[in-house]
Amino acid sequence: MKELVEVIAKALVDHPEEVTVTEKSEGSNTTLELHVAAGDMGKVIGKGGRIAKSIRAVVKAASTRENVHVDVEIV
Numbered sequence: 780m781k782e783l784v785e786v787i788a789k790a791l792v793d794h795p796e797e798v799t800v801t802e803k804s805e806g807s808n809t810t811l812e813l814h815v816a817a818g819d820m821g822k823v824i825g826k827g828g829r830i831a832k833s834i835r836a837v838v839k840a841a842s843t844r845e846n847v848h849v850d851v852e853i854v
């Protein structure tokens with residue numbers, strides 16, 4: 780999942796070298812924290828949060844296939 784979020788985010792931003800994803804696991808729950816440059820934050824979130832919701836939907840679909848729960852936080 781980490782690689783999936785990283786690939787999607789790098790395709791959206793102007794500074795792909797500053798995209799990092801950290802993974803935190805607690806039992807069966809996993810949280811992925813997406814870090815981007817301050818200037819790219821709006822591109823990752825999108826108007827009204829549309830892009831962020833789309834990223835979360837793709838990750839949720841992929842994680843459901845693997846029977847795990849993954850949350851994505853953009854920080």
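Its first residue numbered 780, the sequence shown is counted upward by one per residue in my numbering. We put the CB at the ideal spot given by N, CA and C, even for glycine. Please read all numbers here as calculations on a predicted model, not as lab measurements.
Of the residues the options, the one placed nearest residue i, counting alpha carbons only
i: Val800; options: Ala816, Ala836, Gly827; result: Ala816
i: Gly818; options: Arg829, Leu791, Thr809; result: Leu791
i: Glu729; options: Met820, Ala841, Val838; result: The shown model of the chain, from 780 to 854, leaves out residue 729, and the question about it has no answer.
i: Gly802; options: Lys832, Glu782, Glu845; result: Gly is not the amino acid found at residue 802; the sequence shown has Glu there. Checking every option, the nearest Cα to that of Glu802 belongs to Glu782.
i: His848; options: Val786, Lys832, Glu805; result: Glu805
Test item: CB-CB of residue i and residue j under 8 Å
i: Val823; j: Leu811; result: no
i: Val784; j: Ile834; result: yes
i: Ala841; j: Met780; result: yes
i: Ile787; j: Val854; result: no
Residues bridged to residue i [DSSP beta-bridge criterion]
i: Thr810; result: Lys803, Asp850
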